[in-house]
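S.K.: To convert a position in the sequence shown, counted from 1, into this note's numbering, add 35.
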Amino acid sequence: MKNFKRIFCYLKPYTLLIVFAVILVAFEVASNVLQPKYMEQIVDDGVLRMDLDVVFHAGVMMLLVAVIGGICGYISCVLSNVYSQRFGNDLRKKLFRRIMSLSAQQDDAYTSGSLITRMTNDTRVVTEFSSVVIQTAVKPLLLFILGIVMVLTIDPIYGVILLISLPIQFLIVFFFIKRSAPVFAVIQRKLDRLNGFAMHMVKNNRLIKSYVRENYETDRFDQQNQDLTATVMKIQIFMAILNPLVMLILNAVVLAVIFIGGFQVQAGAIRVGSIMAAINYSQQIMMSMMTLGGIFQYIARTKASAERLVQILDQEPVLPSGEKEIDSVESVKLKHVSFRYPQNEDAVQKVLDDISLEIRKGECVGILGTTGSGKSTVARLLIREYDADQGAVSYNGTDVREISSGSLRKTVLPVFQNSEMFAVSLRENITKGVDYTPEEFETAVHTACVDEFAENLKDGYDTVISERGVSVSGGQKQRIAIARALIRSPQVLIFDDCTSSLDLETEAAVLNRIQENYHDKTRVFISQRVSTVKNADRIILMDKGRIAATGSHEELLHSSPLYQAIDKTQNPEGGDELE
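As structure tokens, then:
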């Protein structure tokens, strides 16, 4: 119940709507309870006595009460839908904001499919429950209570019949709900897995086709789909037995009322209309009991969804934002920094091992290393995707953990190797979420060489990029990502292998233009290509998580065997690379 309270606390702003909906449902229930009494009057005082005036007046009252009850029920349903949809809207926004606030290592704990399922399917289940709970819990509960009261006013013997039948019905419903509750949690997990698999396959559709693996992946999808379908069918078949059992008990109750009532009528102890009313009230009581049983099924399913939503909502960022603002960056320091990724905490070798370096304002620094040397991890620590296990990262002498996340992200901006695209225009992909002048836009796109291919597009910068950027090449995506960073003009620019898909000529043009147009910015170029970092003021050579050497291109060519080996591998003829 703790998770229910945690989720449904978001209904507090709509308390007034809920109260009005419950009051209107109470009027609707009252009209339903009055119907058998009017029927009793029509039969006993009208039909049997052949008094048409009684039949007419009681019939009119019966119709009027039914209309009032119907109107109250309609308005109650409208109010229920209004507050539930607003509640769902609030819940989705809370979830989205929470997901956006999670750190990189928390993102790694959930698959994309799982997060999407929680935001869509789980939220829908909880929202629907908040909407129908009045109709499937409050309404039947009131019908149950008032129905018993009305039955007892007719004859206590009918109360005895219900006293015998209700516990049997309750035990049956309880058994079915208890057995089905764990299955709903299993269904949600399997739905997560299926959604994640489907997303992964759609994302890698071209790769699958290129290796002619369509049939193999289709078979894998079919297996997971069949597994989910079998589980759902199993619970549906199991729950399908519930309704016939409840109806069997209901019919047995009606038969008992008729049987006993028949003897009472013969003895003159009760009238026929009262028997009809007792039958109607018994049906209302049994059906309300069945509906109340259904709410337990709803609760079981909603409980599983609520738990999954609370898992996200209760996730506090493991890297809480600091409070200090930074207006300018005079220096960036890593002091004796060591680090392992959280998912590899047991690894023997550290990703970074006792790294110390300082980058001054306006300096251009290159970080070079082979694959797995830890160079990209430096970038992730600088933008605080992770915190160092040992040592400290600081800006202007202030620990990065004390700096506001918003301030840090405005001041330090990375461009990574894998460049994500939005399914919007080329212009919006570059300028998304930033104010800019035409001059700033032209400088950014020219520096990143985006203008070279944009002018060949049908609609120029208004050309819409396909989902996941499949309509542009890898090199074009990297150039768009570079322009996206440049137009924001942060004080520190980190280029993490973001020119790896460019040919040497285009790369040289981009690098030279960055040096020329953004020379006042602090620039960090991270790469495994010497051509990318050779013109930096200082090159930091990394190997196995440590700094192996530091110096300019010429200095390292003379002093570092590792740098010489890398340069010789990439430039075997020893000639000058394109600049």
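For every residue, glycine included, the Cβ atom is placed at its ideal position computed from N, Cα and C.
Can you list, in chain order, the residues of its chain with a C-beta nearer than 7 Å to that of G409? Leave out the 5 residues immediately preceding and following it.
M.R.: Taken in chain order, the residues that qualify are V386, L387, M577 and G580.
S.K.: Give the straight-line distance between the Cα atoms of K569 and S411, rounded to the nearest whole angstrom.
M.R.: Those two C-alpha atoms are separated by around 18 Å.
S.K.: Please indicate yes or no: does the CB of V218 lie closer than 8 Å to some heavy atom of the ligand HEM?
M.R.: Absence of the ligand HEM is noted for the structure shown, with no ligands found whatsoever.
S.K.: Label E63 either buried or exposed according to how many other C-beta atoms from any shown protein chain fall within 10 Å of its C-beta, with 16 as the threshold for buried.
M.R.: Burial call: buried.
S.K.: Can we say the stretch 276–292 touches the stretch 244–252, given the rule of at least three CB pairs closer than 8 Å?
M.R.: Flag = no, the stretch 276–292 and the stretch 244–252 do not touch.
S.K.: Any idea which residues DSSP pairs K370 with across the strands?
M.R.: Answer is A427.
S.K.: Relative to the C-alpha of Q513, which residue among G495, Q526 and T482 is closest?
M.R.: Answer by Cα proximity: T482.
S.K.: Looking at the structure shown, is F560 part of a helix, part of a strand, or coil, going by DSSP?
M.R.: Three-state result, F560: strand.
S.K.: Considering only residues of the same chain and omitting the five flanking positions on each side of M236, which have a CB-CB separation below 8 Å?
M.R.: Contacts found: I243, E252 and F256.
S.K.: Compute the distance between the beta-carbons of D227 and S149, then report whether it is under 9 Å.
M.R.: Their beta carbons are under 9 Å apart, which means D227 touches S149 by this criterion.
S.K.: Tell me which residues share the same chain as L263 and place their Cβ nearer than 6 Å to its Cβ, disregarding the 5 neighbours each side in the sequence.
M.R.: If we look at L263 and ignore the five residues flanking it on each side, its Cβ neighbours are K225 and L229.
S.K.: One question on the structure: do I575 and V400 come within less than 9 Å of each other, judged by their Cβ atoms?
M.R.: Yes; because the gap between Cβ atoms is below 9 Å, this pair is in contact.
S.K.: Does the structure place the stretch 160–169 close enough to the stretch 103–120 that three or more beta carbon pairs sit under 8 Å?
M.R.: The stretch 103–120, when compared against the stretch 160–169, does touch it at the 8 Å Cβ threshold.
S.K.: For S147, which of V160, F131, T162 and V161 has the nearest alpha-carbon?
M.R.: Selected option, being the one with the closest Cα: F131.
S.K.: Give me the DSSP bridge partner(s) of D578.
M.R.: Paired residues: R581.
S.K.: Should L417 and L369 be called a contact, given that it needs their Cβ atoms to be closer than 9 Å?
M.R.: Result yes, Cβ atoms of L417 and L369 sit closer than 9 Å.
S.K.: Who are the Cβ neighbours of P352 in its own chain at under 8 Å, not counting the five residues just before and after it?
M.R.: Hits under 8 Å: S136, L137, S138 and Q141.
S.K.: Please name the residue in F205, D572, A216 and R159 whose C-alpha comes closest to that of I402.
M.R.: The residue with the shortest Cα to Cα distance from I402 is D572.
S.K.: Sorted by chain position, which residues of the same chain lie with C-beta nearer than 6 Å to V218's C-beta, five sequence neighbours on each side aside?
M.R.: Only I270 meet the Cβ criterion.
S.K.: Label K47 either buried or exposed according to how many other C-beta atoms from any shown protein chain fall within 10 Å of its C-beta, with 16 as the threshold for buried.
M.R.: The residue is exposed, with fewer than 16 neighbouring Cβ atoms inside 10 Å.
S.K.: According to DSSP, simplified to helix, strand and coil, what is F164?
M.R.: Looking at F164 - three-state DSSP - the assignment turns out to be helix.
S.K.: So, E398 versus T557, is the Cβ gap smaller than 9 Å?
M.R.: Cβ distance < 9 Å, so E398 and T557 count as in contact.
S.K.: Three Cβ pairs or more, each shorter than 8 Å: is that satisfied between the stretch 484–499 and the stretch 430–446?
M.R.: No: the two stretches stay apart, fewer than three of their Cβ pairs being nearer than 8 Å.
S.K.: With a threshold of 8 Å on Cβ separation, who are the neighbours of I203 within its own chain once the five nearest residues in sequence on each side are excluded?
M.R.: For I203, where only same-chain residues beyond five positions count, the Cβ hits under 8 Å are I284.
S.K.: Under 9 Å, do T152 and L126 count as touching if we go by C-beta distance?
M.R.: No, the Cβ-Cβ distance between T152 and L126 is not below 9 Å.
S.K.: How long is the line joining the alpha carbons of L521 and L492, rounded to whole angstroms?
M.R.: Approximately 22 Å between the Cα atoms of the pair.
S.K.: Assuming contact is defined by CB atoms lying nearer than 9 Å, are R343 and F273 in contact in what I supplied?
M.R.: Their beta carbons are not under 9 Å apart, which means R343 does not touch F273 by this criterion.
S.K.: Suppose you measure from the CA of E393 to the CA of T406; what does that come to, to the nearest Å?
M.R.: Distance between the alpha carbons of E393 and T406 is about 23 Å.
S.K.: For G502, which residues in the same chain have their Cβ closer than 7 Å to its Cβ, ignoring the five residues on either side in sequence?
M.R.: Looking at the sequence itself, residue 502 is Glu, so the reference to Gly does not match. For E502, where only same-chain residues beyond five positions count, the Cβ hits under 7 Å are A458.
S.K.: Within the chosen definition, does the stretch 515–532 reach the stretch 458–468 through at least 3 CB pairs nearer than 8 Å?
M.R.: With the cut-off at 8 Å, the stretch 515–532 and the stretch 458–468 touch.
S.K.: Would you be able to state if there are at least three C-beta pairs under 8 Å between the stretch 182–202 and the stretch 295–309?
M.R.: Yes, they touch.
S.K.: Please work out which residues of its chain come closer than 8 Å, Cβ to Cβ, to L176, disregarding the five sequence neighbours upstream and downstream, and give them in chain order.
M.R.: Within the same chain, L176 has close Cβ partners S323 and L327.
S.K.: Residues in the same chain with beta-carbon distance under 6 Å from V480, minus the five sequence neighbours each way, listed in chain order, please.
M.R.: Contacts found: D486 and A518.
S.K.: Give the range of the alpha helix (DSSP H) segment to which I293 is assigned.
M.R.: From DSSP, the alpha helix (DSSP H) with I293 extends over L277 to Q301.
S.K.: Tell me the residue span of the alpha helix (DSSP H) that contains R132.
M.R.: Per DSSP, R132 belongs to the alpha helix (DSSP H) from L87 to S136.
S.K.: Since S460 sits in a beta bridge, which residues does DSSP pair it with?
M.R.: DSSP output for S460 lists V499 as bridge partner(s).
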